[in-house]
Amino acid sequence: MPTIITHTAPVLALGVALGLRRIPVRLFWVAAFCTMLPDFDVIGFRLGVKYADLFGHRGFSHSLLFAVLCGGLGWMAATWLRCRRWLAFALIFAAVASHIALDAATSGGLGVAAFWPFSEARYFFPWRPIRVSPLSLHAFVSGRGLDVLRSELLWVWLPCLTLALAVRLRRAM
Ligand SMILES: [Zn+2]
């Protein structure tokens, strides 16, 4: 995975691009949280679940079905989120799907089970510029962390913010 905070970049960029007048605040923060949600599967390591298992890291929680289910919860919670149902579904689905896409662009680990239950295969994009973040904090701070952050700044934060500012400037014209 990219670091968990970097997964929020697409939704934060959307907030910069459109402003919080267009995206209900509660929905925005829930969507930002949902960008990180798939990686809660690492709890499984503590319970003895193996990486490559269906409920292991980058398994079920990294499938488009999971994104649809999360979007469905958003659809049901639209009143609380203070938005239209389709918007809650679309933004939360996109938030989770963005996580899956970013993981598929990383340089290591196993790929994502994006098409489960139709396929148990783990997928990567053919082009994977993002350095994979170590799963342990110790490994992160003891060497590869700076490399990972540099890669995420270049391949995630910079494109997201550039696009967001371009949209914002265009809207201001
Ligand atoms: Zn992930």
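Residue numbers for the sequence shown follow the numbering used here, beginning at 831 and rising by one. For each residue, glycine too, the CB sits at the ideal point set by N, CA and C.
Per DSSP, the bridge partner or partners of residue i
i      : result
Thr936 : Ile960
Val942 : Tyr953
Helix, strand or coil at residue i according to DSSP, with G and I counted as helix
i      : result
Cys913 : coil
Ser798 : Residue 798 is absent from the structure shown; the chain starts at 831 and stops at 1003.
Ser966 : coil
Thr833 : coil
Pro868 : helix
Phe948 : coil
Ser981 : helix
Ala882 : coil
Rounded C-alpha distance that separates residue i from residue j
i       : j       : result
Cys864  : Pro959  : 23 Å
Phe858  : Gly845  : 7 Å
Asp871  : Leu877  : 10 Å
Asp977  : Arg961  : 7 Å
Leu1026 : Ile834  : The question about residue 1026 has no answer here: the residues shown for the chain are numbered 831 through 1003.
Gly941  : Leu984  : 21 Å
Gly904  : Ala994  : 24 Å
Leu884  : Pro956  : 23 Å
Leu967  : Pro832  : 13 Å
Ala1002 : Ala996  : 10 Å
Arg914  : Pro854  : 10 Å
His887  : His837  : 15 Å
Ala927  : Val986  : 15 Å
Thr909  : Arg974  : 43 Å
Ser963  : Glu982  : 10 Å
Phe919  : Phe896  : 12 Å
Gly902  : Arg1000 : 32 Å
Closer than 6 Å: residue i CB and nearest ligand 1 heavy atom
i       : result
Pro964  : no
Asp869  : yes
Asp1004 : Residue 1004 lies beyond the range of the chain shown here (831 to 1003); nothing can be said about it.
Asp933  : yes
Cβ distance (whole Å) where residue i is taken to contact residue j below 8 Å
i      : j      : result
Pro868 : Ile930 : 7 Å
Arg944 : Ala934 : Arg is not the amino acid found at residue 944; the sequence shown has Ala there. That belief holds up - the Cβ atoms of Ala944 and Ala934 are roughly 7 Å apart, short of 8 Å.
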